[in-house]
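Enquirer:
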Amino acid sequence: MAEKQKQNEKKVPPRSEDFAAWYNDICLRAELADYSPVRGCIVFRPDGFAIWEELRDELDRRIKQTGARNAYFPLFIPQSFLQKESQHVEGFAPEVAVVTHGGGKELEEPLIVRPTSETIIHHMMTQWIQSHRDLPMMLNQWANVVRWEMRTRMFLRTAEFLWQEGHTAHATREEAERETLTMLEVYRKFVEEYLAIPVVVGRKSAAERFPGAVETYAIEGLMGDGRALQCGTSHFLGQNFSKAFETRYLDDQNQLQYVWQTSWGVSTRLLGAIVMAHGDDQGLRLPPPVASTQTVVVPIFRKPEEAAVVLPAARAAFDALTHAGIRTRLDDREGLTPGFKFNDWEMRGVPVRIEIGPRDVASGEAVLARRDKSGVEAKSKKPLASIADSVKAMLAEIQQSLFAQAKAAMVANTRQFDDYASFKKHMEGSGGGGFADVYWCGNPVCETRIREETKATCRVIPLEQSGTAGKCLVCGESASERAYFAKAY
RNA sequence: CGGGACGUAGCGCAGUCCGGUAGCGCACCUGAAUGGGGUUCAGGGGGUCGCGGGUUCAAAUCCCGCCGUCCCGACCA
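Heads up: the first sequence at position 368 corresponds to 372 in our numbering, and the numbers run straight through without jumps.
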């Protein structure tokens, strides 16, 4: 009840007090999304969808640079397709939505609403691939998928979500493995550079692997509460699907061969990652590249004669910024105090706010307030004449600083443990606990014990290893690799 | 799917025990003043009390049934 009452107060609940309530409240208040009448589904409001659009456009460019091309496959998939790969069906069947009726009649074969598109895309690839000259085949699609989840959380887990799923087929194992890692690196760079969210990169344990994959790789971020969030995955599928779907080609020796495949994706979950990795007590803090409003101009005046000088100056600044390619808004709403507007735009995460009042017009300056800092550090005066240059430079600095802050938080929240008791004690505490960097022998029994006793799971086995061996945190047997464990979303 | 709570204005809630004119805060609309960090005052609009049935002169309130939502546990991008 206390949680509900907070939503009605003016102030955002402090992030540190109740992270879950804070997160929900921010998503709703900043108008990123709203609940829908359909259980488990959310509505993306314009401010939230704009972030997705910016992110999507940039990632789409980067994906195309690797040689993949976009296509679009149907939402409906024959139920029998899902059943062709045994691991795959086992993993997805429980959460699949099934269409049994259409046109007023029961369908001869039920259709599933795609939870992911491996099966239908591989089915089509089988038709399209005959020769080694048809390879590699690299496809990507931007689509919605449905997974019937029992528990949902805004952006992080919803019954329907938007994503990008890449599917590639290659002549050799080596080439497919290389593609898997290439895309993993595309995701790492994208999430770190564009969203300013630092991640750890690595391989998933067998238990966390994508159903049907030989190997799954992921990038994992750490959220503001110390819990981990999987931000993107890249799977090496081996020949599991090509054997199930008979996807074969004739090689240059005229021998029939099964193709080697990959799939990789990121979803609207990244919006949740942005909120949780950067947000603070005042609300959202958007990385400039994805902010639908990068800067807002707030004119300040009391009397009509002040408005007469301030408003034209504010409009001139707005025009200059817009012409410089900066996504700008002019907040000339009447009847709201400047203080209210400041708080409002801070809550919505706008990176730079520009205050223009009579004093500023007189001195030919404007007050710039940057969202990545607080207090006196956040405000500075800049000449109105070159406002666009100042804002542009500031946006770049903010991007760097948001990443640096998130990186520092991740480093501070990553701890090495070499005895199980202290690890367990640390993870048992309330809150996330951050990343635990530990030696693990690779035995699923040890992994299960950790999960059951601490709720932490193996997030990733980092690609970069020191090379030195140690003893497994749980069983004490020799372990050749370190793994990151954390409580995850 | 198991355990708990809840459903009354757009949102958050009181009223339910003990039946008797539908209430508060926020938001919204109008007006005036205010305006460099969440303004103030005045006036105003808005509800088949989740749905269906029953008891009663009378039901938000009591009884029965249904539906839905949220929280906690097992599975998941």
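Note that the Cβ used here is the ideal one computed from N, Cα and C, for glycine as well.
Keep in mind it's a predicted model, so treat the numbers as computed, not measured.
Mapping DSSP to helix, strand and coil, what is threonine 220?
Expert: It is a strand residue.
Enquirer: How about phenylalanine 159 and cysteine 45: do their beta carbons lie closer than 8 Å?
Expert: no
Enquirer: Threshold first: 3 residues or longer. Then list the beta strand (DSSP E) segments lying entirely within the region 458-490, N to C.
Expert: If one requires a minimum length of 3 residues, the beta strand (DSSP E) runs lying completely within the region 458-490 are 461-466 and 485-490, in chain order.
Enquirer: What residues match up with glutamine 234 in a beta bridge as DSSP calls it?
Expert: DSSP links glutamine 234 through a beta bridge to Glu224.
Enquirer: Grab me the residues of aspartate 284's own chain with a C-beta within less than 7 Å of its C-beta, minus the 5 sequence neighbours each way, in chain order.
Expert: Arg19
Enquirer: Could you check how far apart the C-beta atoms of valine 150 and proline 119 are, in whole angstroms? I think they sit under 8 Å.
Expert: 6 Å
Enquirer: Buried or exposed for arginine 192, going by 16 or more other Cβ atoms inside 10 Å?
Expert: buried
Enquirer: Could you tell me which residues DSSP puts in a beta bridge with alanine 101?
Expert: Val117
Enquirer: Per the DSSP calculation, histidine 174 is bridged to which residue(s)?
Expert: Trp264
Enquirer: So for glycine 379, helix, strand or coil by DSSP?
Expert: Helix, per DSSP.
Enquirer: Roughly how many angstroms lie between the CA atoms of glycine 95 and alanine 217, to the nearest whole one?
Expert: 11 Å
Enquirer: Which full runs of the beta strand (DSSP E) of 3+ residues lie inside the region 72-100, going along the chain?
Expert: Within the region 72-100, the runs of beta strand (DSSP E) that reach at least 3 residues and sit entirely inside it are, in chain order, 80-82.
Enquirer: Pairing CB atoms from the region 156-174 with CB atoms from the region 210-229, are three or more of them under 8 Å?
Expert: no
Enquirer: Measuring straight from C-alpha to C-alpha, what distance separates threonine 237 and leucine 188?
Expert: 7 Å
Enquirer: Give, in chain order, every unbroken run of the beta strand (DSSP E) that is at least 3 residues long and sits entirely within the region 288-323.
Expert: 299-303
Enquirer: So, for arginine 337: in the same chain, excluding its five sequence neighbours on each side, which residues have a beta-carbon less than 8 Å away from its beta-carbon?
Expert: Lys345
Enquirer: Less than 8 Å between the CB atoms is what I'm expecting for valine 47 and glycine 287, so what's the real figure, rounded?
Expert: At roughly 20 Å, the Cβ-Cβ gap does not stay under 8 Å, so valine 47 and glycine 287 are not in contact.
Enquirer: On the premise that threonine 272 lies in contact with phenylalanine 165, defined as a C-beta separation below 8 Å, what is that separation, rounded to the nearest angstrom?
Expert: 5 Å
Enquirer: What's the C-alpha gap between glutamate 58 and leucine 275?
Expert: 11 Å
Enquirer: Tell me, please, whether the region 346-359 touches the region 302-309 by the rule of three or more beta-carbon pairs shorter than 8 Å.
Expert: yes
Enquirer: Residues bridged to arginine 333 by DSSP?
Expert: Val300, per the DSSP bridge assignment.
Enquirer: Below 7 Å CB to CB, which residues in the same chain sit around cysteine 476 once its five sequence neighbours on both sides are set aside?
Expert: The residues are Tyr443, Trp444, Cys445, Cys450 and Ala483.
Enquirer: For proline 18, which three-state DSSP category applies?
Expert: coil
Enquirer: Among all the DSSP beta bridges, which residues are the ones paired with glutamate 286?
Expert: Here residue 286 turns out to be glutamine, not glutamate, going by the sequence shown. None, per the DSSP bridge assignment.
Enquirer: Can you tell me the Cβ-Cβ gap for glutamate 457 and lysine 428, rounded? I've got them flagged as a contact below 8 Å.
Expert: 6 Å
Enquirer: Does the beta-carbon of lysine 396 have 16 or more other beta-carbons within 10 angstroms, so that it is buried, or is it exposed?
Expert: buried
Enquirer: Between lysine 386 and leucine 372, which are expected to be in contact by the criterion C-beta below 8 Å, what is the C-beta distance as a whole number of angstroms?
Expert: 5 Å
Enquirer: Quick check: what's the CA-CA separation for glutamate 169 versus valine 294?
Expert: 21 Å
Enquirer: My output table needs one value for serine 209: the three-state DSSP class, helix, strand or coil.
Expert: coil
Enquirer: Give a yes or no on whether the C-beta atoms belonging to leucine 226 and glycine 438 are separated by under 8 Å.
Expert: yes
Enquirer: If we ignore side chains and look at the alpha-carbon of each, how far apart do methionine 500 and alanine 412 end up?
Expert: One cannot answer for residue 500 here, as it falls past the ends of the chain, which runs 5 to 493.
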